[in-house]
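Numbering (the numbering used here), first residue to last: 244 to 546.
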Ligand code: PLV
């Protein structure tokens, strides 16, 4: 038994018509915590639980924190999530629904994370939102499911925040022998830390995050994310916040599933005419995200 569920893989007629190639959707938005994060976080929590951890600590006010809270409740392990003051009321509400103890501290993730490190005692396990090999191994299972379904895509589209999803998907592609399948790694323009790292040749810290896709807002990507870009075929792509938000709206209309702008960024590549024209069969990782309400998406679009 795993904490995550096997998700549907469906052909999308509306996205195929918009993009040109046939689009296959891996519906990670349907994980019980609302995003793909449960694959890696669930795996990490199970490993730490088996090693005797008695308390999980997370520093994510986003989908990683929600996945830790869900995993802890299922495993009977108490969870503390330290979140920065910028965390939305909706995210805090969802964390509390999962019985997590929520501590609001600091003006950014960096500060919340520092406070979380200080809380760690003996028997506690810290669960990082993206930079941990246990997470990547868990995320890789989504590619195993695609291979088991008998679909070999000629490209994979996904969003990049800190690069945990990217690292896991590349691990999954490699362990299925798909070394030749390129990844289209999408960021919003104001959160393009992978693009900056590729350009510089080493991970760099962005001075600030300037995007509504706060779940993509890691100022610096994990070293492993850059290593993926250097050792696996990868194209770095950027979309505007507006395109990401409009993709959320269109996807809700087309598939009746509400996702965050973090996921809308990847979807925007399919909705933009011509950007996937080189390919025939594209796998879209619909990573999901539970922390943006429809009202919030409309407010951002109106701003
Ligand atoms: N969100 C992280 C960290 O971001 C978090 O703390 O929840 N799509 C969604 C819906 C996400 O929540 C995230 C990450 C991503 C995509 C990007 O995944 P990553 O960070 O593994 O590249 C800073």
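Ideal Cβ placement from N, Cα and C applies to all residues, glycine included. Since this is a predicted model, take the numbers as computed values, not measurements.
query	result
Beta-carbon contacts of residue 518 that lie in its chain and below 8 Å, excluding the five residues immediately before and after	262, 480 and 512
Residue 299 beta carbon near the ligand PLV (any heavy atom closer than 7 Å)	no
Collapsed DSSP secondary structure at residue 558 in the structure displayed	Because residue 558 is not part of the residues shown, which for the chain are 244 to 546, the question remains open.
Contact set for residue 321: own chain, Cβ-Cβ below 6 Å, skip 5 residues either direction	298
Backbone CA spacing between residue 389 and residue 256 [nearest angstrom]	18 Å
Distance cut-off 7 Å: residue 491 Cβ against heavy atoms of the ligand PLV	no
CA nearest to the CA of residue 472, picked from 439, 329, 272 and 350	439
Buried/exposed call for residue 291, threshold 16 Cβ in 10 Å	buried
Contact test: residue 503 Cβ vs the ligand PLV heavy atom, cutoff 7 Å	yes
Three-way DSSP call (helix, strand, coil) for residue 299 in this model	strand
Which listed residue (350, 459 and 266) has its alpha carbon closest to that of residue 528	266
Heavy atom of the ligand PLV within 7 Å of residue 373 beta-carbon	yes
Sufficient close CB pairs (3 or more, under 8 Å) joining the region 403 to 416 to the region 490 to 500	no
For residue 480, the three-state DSSP class (helix, strand or coil)	strand
beta-carbon residue 280 near the ligand PLV non-hydrogen atom, thresh 7 Å	yes
Residues that residue 398 bridges to, as DSSP identifies them	525
Buried versus exposed call for residue 523 [16 or more other C-beta atoms within 10 Å across all chains shown]	exposed
Strand pairing of residue 369, partner residues [DSSP]	300
Assigned exposure category for residue 253 - 16 Cβ within 10 Å defines buried	exposed
Distance between residue 463 and residue 447 (C-alpha atoms, nearest Å)	6 Å
Runs of alpha helix (DSSP H) wholly within the region 265 to 296 (minimum 4 residues, chain order)	280 to 293
Where the alpha helix (DSSP H) containing residue 540 begins and where it ends	537 to 545
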